[in-house]
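As structure tokens, the structure follows; a few thoughts come after it.
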Amino acid sequence: MAKAKKSYSCNQCGAITTKWSGKCESCGEWNCISEEIIEAAVPKGLSASHKGKKIEFSSLNDAQGRTIYPRFISGIAEFDRVTGGGLVPGSATLIGGDPGIGKSTLLLQAVAALSAPPDTPLRSNELKDGTRCVYVSGEESTDQVRMRAARLGLDQAPVDLAAATNVRDILASVEDPANPVKLLIIDSIQTMYIDNIDSAPGTVTQVRTSAQEIIRHAKARDMAVIFVGHVTKDGQIAGPRILEHMVDTVLYFEGDRSHQFRILRAVKNRFGPTDEIGVFEMAGEGLREVENPSEIFLSQRASNAAGSAVLAALEGSRPMLVEVQALVAPTSFAAPRRSVLGWDPNRLAMIVAVLETRTGLQISGCDIFLNIAGGIRINEPAADLAVAAALISALQNNPLPPETVFFGEVGLAGEVRRIAQPDLRLKEAAKLGFREAFIPANKNKKPPHKAKAGEIRISEIDHIQKLADLFSSARPAVRAV
Ligand code: TYD
Ligand code: MG
Numbered sequence: 335m336a337k338a339k340k341s342y343s344c345n346q347c348g349a350i351t352t353k354w355s356g357k358c359e360s361c362g363e364w365n366c367i368s369e370e371i372i373e374a375a376v377p378k379g380l381s382a383s384h385k386g387k388k389i390e391f392s393s394l395n396d397a398q399g400r401t402i403y404p405r406f407i408s409g410i411a412e413f414d415r416v417t418g419g420g421l422v423p424g425s426a427t428l429i430g431g432d433p434g435i436g437k438s439t440l441l442l443q444a445v446a447a448l449s450a451p452p453d454t455p456l457r458s459n460e461l462k463d464g465t466r467c468v469y470v471s472g473e474e475s476t477d478q479v480r481m482r483a484a485r486l487g488l489d490q491a492p493v494d495l496a497a498a499t500n501v502r503d504i505l506a507s508v509e510d511p512a513n514p515v516k517l518l519i520i521d522s523i524q525t526m527y528i529d530n531i532d533s534a535p536g537t538v539t540q541v542r543t544s545a546q547e548i549i550r551h552a553k554a555r556d557m558a559v560i561f562v563g564h565v566t567k568d569g570q571i572a573g574p575r576i577l578e579h580m581v582d583t584v585l586y587f588e589g590d591r592s593h594q595f596r597i598l599r600a601v602k603n604r605f606g607p608t609d610e611i612g613v614f615e616m617a618g619e620g621l622r623e624v625e626n627p628s629e630i631f632l633s634q635r636a637s638n639a640a641g642s643a644v645l646a647a648l649e650g651s652r653p654m655l656v657e658v659q660a661l662v663a664p665t666s667f668a669a670p671r672r673s674v675l676g677w678d679p680n681r682l683a684m685i686v687a688v689l690e691t692r693t694g695l696q697i698s699g700c701d702i703f704l705n706i707a708g709g710i711r712i713n714e715p716a717a718d719l720a721v722a723a724a725l726i727s728a729l730q731n732n733p734l735p736p737e738t739v740f741f742g743e744v745g746l747a748g749e750v751r752r753i754a755q756p757d758l759r760l761k762e763a764a765k766l767g768f769r770e771a772f773i774p775a776n777k778n779k780k781p782p783h784k785a786k787a788g789e790i791r792i793s794e795i796d797h798i799q800k801l802a803d804l805f806s807s808a809r810p811a812v813r814a815v
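Using our numbering, the first residue of the sequence shown is number 335, and each one after it goes up by one.
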């Protein structure tokens, strides 16, 4: 047999090197390089020119004439929305998130809901023959999982539970033609190992091969599988990026641990839209669905405070109102502080620069604190206008009129640009009793939204100067130094 080839790779970022070192040159992490066998020895009698078997081709339309394919619907609306309308049989889903954010709790609730026979009050299932569900934990003992289930009131759900880490054993145990497993949960993929590979669980080869093996098994048997994946300190799913390519759906479970809100976000989905989110609240008895996040995110807003603006954001197909809070204070340092929670600091620097250059407001010499209330993260540029309004209001110590919302992207010239789906955002704002919306101007159309959005008044803003003029007052509270 030819000798197996070896290389060294980083468990955190997947970078490959030819020799071992204590620190990964690529991501800077220490003690994360491990030896990998990259090319298995070729068995005798099998050459590289070995001819393969013929595979069978089939047509795109279904032989049975199906146009709608079954999905496993959990009945947890927020979970089903993010998976694109339920889990697809034979699909692999990866769910990542910080430790302790609630991945195991979420999956236990989902698996309990999916396992319940269709006519129990727990849920209704599209698959009428019942769904055998298996939950394999590599991190907790069965008793620990049971304890959690009892706490969540799910101890009666017919879930098959196991504490195991050997992939071969797991796959052998779920193989039962008489009672096929429809859903397999692996918590977590970093604890799994295949015994013929000579590296520790959690290393790149182990994670990749274990996942590959499980996915192959699942696809051949129409079994859906969900992996929990650990994340590195900068929020990526640990291990090789290839894991994200291998699965059909990648979900991130995120949130600030000191807040009770959790967001389940789809970043890749072969069977549904991405950027869809599900909002949950972590309570004493597990995760609770939040049907109307806007109401909760705005519930503690002090409507008369300077520096607070309401943003009509859009997460996937879902409009959501959140509060942007800004505080502008005189600095006592040579370099003023910028502290941002829930938004991109670079974007804040840009808005500050645009405000200062295009409107003449003296702001860059001050300490600036920006916070998206409720511990949620906003990524879209539509927040620019709300941030600018909050900054102007904070700088002038002039509260914005209550019951107003903002959205729009701000360009470097100070122009306010249009963004996606204004109608959806306006509708949500009107539903929650907002009376006025400041939105980007649209030259091609008359404000179209009035009729549809109810009584909400539309004020179009084409340049940031207009915003500054509207909300400036003669009461400057902060003077830049
Ligand atoms: P867990 O699901 O174990 O997190 P992960 O699997 O992502 O590491 O969640 C653990 C956290 O959730 C823990 O900090 C306590 C909290 N929690 C509740 O607040 N209520 C509950 O009912 C449960 C089960 C957990
Ligand atoms: Mg866990």
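The C-beta atom is built at its ideal place from N, Cα and C for all residues, glycine as well.
In this structure, DSSP gives Gln524 a helical state, which the three-state scheme calls helix. When DSSP assignments are scanned along the region 708-750, the uninterrupted stretches of beta strand (DSSP E) that are 3 or more residues long and fall wholly within it turn out to be 738-740. For Phe614, the enclosing beta strand (DSSP E) has its first and last residue at 611-617. Ile576 counts as exposed, since fewer than 16 other beta carbons sit within 10 angstroms of its beta carbon.
For Tyr586, same chain residues with a beta-carbon under 7 Å away, outside a window of 5 residues either side, are Gly430, Gly431, Arg599, Val601 in chain order.
Across the structure, Ile630 and Ala496 are spaced so that their CA atoms are roughly 37 Å apart.
Cβ contact annotation for Pro607 (same chain, cutoff 8 Å, sequence separation greater than five): Gly418, Ala600, Gly650, Ser651, in chain order. With a cut-off of 7 Å, the C-beta of Asp521 is classified as near the ligand MG, since at least one heavy atom of the ligand falls inside that distance. Straight through space, the alpha carbons of Arg591 and Ala707 are spaced by roughly 14 Å. For a cut-off of 8 Å, the C-beta gap from Glu762 to Glu737 is around 14 Å, too long to register as a contact. Taking C-beta atoms under 8 Å as the contact rule, Leu655 and Gly641 fail to qualify, at a distance of about 17 Å. The ligand MG has a heavy atom closer than 7 Å to the beta-carbon of Lys437. Gly536 and Leu486 have their C-alpha atoms spaced approximately 29 Å apart. Our two residues, Thr439 and Ser533, have alpha carbons roughly 30 Å apart in a direct line. The C-beta separation of Val658 from Ala717 comes to about 7 Å, placing the pair in contact by the 8 Å criterion. A distance below 8 Å separates the beta carbons of Ser425 and Thr583. Rounded to the nearest whole angstrom, the C-alpha separation of Ser341 and Ile712 is 40 Å. Every alpha helix (DSSP H) stretch that sits fully inside the region 362-426 and reaches 4 residues is listed by chain position as 411-416.
Here DSSP, grouped into helix, strand and coil, assigns Pro433 to coil. In this structure, the CA atom of Ile402 is about 23 Å from the CA atom of Ala450. In this structure, the C-beta of Glu588 stays at least 7 Å away from each heavy atom of the ligand MG. Around the Cβ of Gln730, a 10 Å sphere holds 16 or more other Cβ atoms; the residue is buried. Under DSSP, the beta-bridge partners assigned to Phe772 are Phe740, Ser793.
Rounded to whole angstroms, the separation of the alpha carbons of Ser698 and Leu704 is 14 Å.
Every beta strand (DSSP E) stretch that sits fully inside the region 535-568 and reaches 3 residues is listed by chain position as 558-563.
Taking the C-beta atoms as reference points, Val739 is found no nearer than 8 Å to Leu675. In this structure, DSSP gives Asp803 a helical state, which the three-state scheme calls helix.
Ser673: member of the beta strand (DSSP E) spanning 672-675, first to last residue.
Sorting His551, Phe768, Glu588 by C-alpha distance to the C-alpha of Asp503 places His551 at the top. By the neighbour-count criterion, in which a residue is buried when 16 or more other Cβ atoms sit within 10 angstroms of its Cβ, Ser727 is buried.
Val613 is positioned such that its CB atom lies closer than 8 Å to that of Phe595.
Shortest Cα-Cα distance from Ala554 to any of His593, Phe561, Glu509 involves Glu509.
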